[in-house]
Amino acid sequence: MLTADEIRQRLTGVFDEAQAATLTEVLKGVYEARGVDLSDLKDVVKELAVAQQRTEERLERVEKVIEELAVAQKRTEERLEQLVAAQQRTEGRLDRIEKAIEELIAAQKRTEKAIEELAAAQKRTEKELQALVSAHTETRRQLGGLTATVGYTLENEAYKALPALLKRDAGLTVHDRLKRTYVSDDEGEALEVNIFGEARVDGREVVIVGESKVLLSRNDVDRFLRRKLKPLSRVLGDVFPVLVTHMTSDPAVEAYAREKGVAVYFSYDF
């Protein structure tokens, strides 16, 4: 049978001094109360020791898990700090973006205002341009009327002066007065002839076909030959072409017309 001291010594190998003493007193009390042999409690002590060992092992595992949790918590805190820093950077970028957007909105408003001003200016310009076009149209109308008046005046003077000039320069004898009229070409189209009359020269009959130009140019000569003289020659036969003008566009125009067989007279000849 084990004594109380032996039990305490054995318990001390497993438990600390206080625990071993407490367990010894408990076992001693049980023994004294019930008269149980301490040796019978050997198995109980062993079971308690095994249970204590398992408890310590579990505590060690719990401590290990706690350490792992602490490490994980530290990593989590570090990651959280990183996220906080990233969030702060993101907020900084957002602040810059918001500022840039505000600046863009302000610039857009300025652009829209400028566009509105340009549109208003464009409307004013179009209105002024329309007024200029109307004025130009009126000027052209008036100028056209003035040109026609000058042209008619030139023709009227030519009707009176040409018979004597043609007689002097080309030997033509005009049968009747010269006039302004229409003559149909070989296709039946009525062509306006500014100066028209019949004459005789060298025993043959000719038809005088003429035109007046305030300012005579090469193009005017070519246009007269193409549009008037050529088509009318096919229906009138022998045609004597005449051009009367106040002035030529360049010094060579008169010689050019005469080379084409066209007589040229100036208003000062009248």
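So for the sequence shown, our numbering puts the first residue at 492; every next one is plus one.
Using N, Cα and C, we set each Cβ at its ideal position, and we do this for glycine too.
- Classify D711 as buried or exposed, calling it buried when 16 or more other Cβ atoms lie within 10 Å of its own Cβ. Taking the sequence shown and counting its residues from 1, the one referred to as residue 711 is at position 220. Buried.
- Task: Go through its chain and collect everything with a Cβ distance to V755's Cβ below 6 Å, but skip five positions before and after it.
- Result: Your numbering for residue 755 matches position 264 in the sequence shown. Spatial neighbours of V755 in its own chain (CB-CB distance under 6 Å, excluding positions within 5 residues in sequence) are listed in chain order as L734, E745 and A748.
- Query: Is V700 closer than 9 Å to G728 when the C-beta atoms are compared?
  - Reply: One-based indexing of the sequence shown puts residue 728 at position 237. One-based indexing of the sequence shown puts residue 700 at position 209. The answer is no: Cβ separation not under 9 Å.
- Query: Is the beta carbon of T672 within less than 8 Å of some heavy atom of the ligand ZN?
  - Reply: Ligands displayed in this structure: none; no statement on the ligand ZN is therefore possible.
- Query: G701 by DSSP, collapsed to three states: which one?
  - Reply: Working through the sequence shown from its first residue, we reach residue 701 at position 210. Secondary structure at G701: strand, using DSSP grouped into helix, strand and coil.
- Tell me the DSSP bridge mates of S758? Here residue 758 is taken as the residue at index 267 of the sequence shown, counted from 1. The beta-bridge partner set that DSSP reports for S758 is empty.
- Item | Where I498 falls, given that 16 or more other Cβ within 10 Å makes a residue buried | In the sequence shown, the residue the question calls residue 498 occupies position 7. By the neighbour-count rule (16 or more Cβ atoms within 10 Å), I498 is buried.
- Going by Cα to Cα distance, which pick from D677, E619 and R668 is closest to E646? Residue mapping note: residue 646 aligns to position 155 of the sequence shown, counting from 1. Closest option to E646, Cα to Cα, is R668.
- Does the Cβ-Cβ distance between L663 and V692 come in under 9 Å? Locating residue 663 in the sequence shown gives position 172, counting from the first residue. Locating residue 692 in the sequence shown gives position 201, counting from the first residue. In this structure, V692 lies closer than 9 Å to L663 by Cβ.
- Distance, Cα to Cα, T644 vs V705? Working through the sequence shown from its first residue, we reach residue 644 at position 153. Working through the sequence shown from its first residue, we reach residue 705 at position 214. The C-alpha of V705 is placed about 10 Å away from the C-alpha of T644.
- Task: Could you round the C-beta distance between H666 and A690 to whole angstroms and report it? I think they count as a contact, below 8 Å.
- Result: Locating residue 666 in the sequence shown gives position 175, counting from the first residue. Locating residue 690 in the sequence shown gives position 199, counting from the first residue. Confirmed, about 6 Å.
- When we look at the beta-carbon of G636 and count the other beta-carbons within 10 Å, is it buried (16 or more) or exposed? The residue labelled residue 636 in the question sits at position 145 within the sequence shown. For G636, the predicted structure reports a pLDDT of 45, less than 50, and the residue's modelled location is therefore unreliable. The matter cannot be settled from this model.
- Query: By a C-beta neighbour count over all protein chains shown, 10 Å radius and 16 as the cutoff for buried, is E702 buried or exposed?
  - Reply: In the sequence shown, the residue the question calls residue 702 occupies position 211. E702 should be labelled buried.
- Item | Through-space distance from K614 to V624, alpha-carbon basis | Within the sequence shown, the letter at position 133 stands for residue 624. Within the sequence shown, the letter at position 123 stands for residue 614. When rounded, the distance between both Cα atoms is 15 Å.
- Query: Taking the beta strand (DSSP E) that K751 falls in, what are its first and last residues?
  - Reply: Translated into the one-based positions of the sequence shown, residue 751 becomes position 260. Under the DSSP assignment, K751 falls outside any beta strand (DSSP E); it carries neither an H nor an E label.
- Task: Label T739 either buried or exposed according to how many other C-beta atoms from any shown protein chain fall within 10 Å of its C-beta, with 16 as the threshold for buried.
- Result: On the sequence shown, residue 739 is found 248 positions in, with the first residue counted as 1. So T739 ends up on the buried side.
- Message: Taking the alpha helix (DSSP H) that R714 belongs to, which residues open and close that run?
- Response: Residue numbering aside, residue 714 sits at position 223 when the sequence shown is read from its first letter. Per DSSP, R714 belongs to the alpha helix (DSSP H) from R709 to F715.
- Message: Quick check: what's the CA-CA separation for E582 versus R566?
- Response: The count along the sequence shown starts at 1 and reaches residue 582 at position 91. The count along the sequence shown starts at 1 and reaches residue 566 at position 75. Distance from the CA atom of E582 to the CA atom of R566, rounded to whole angstroms, is 24 Å.
- Query: Is the Cβ-Cβ distance between V726 and D660 less than 9 Å?
  - Reply: Working through the sequence shown from its first residue, we reach residue 726 at position 235. Working through the sequence shown from its first residue, we reach residue 660 at position 169. With respect to D660, V726 sits apart: the two C-beta atoms are not nearer than 9 Å.
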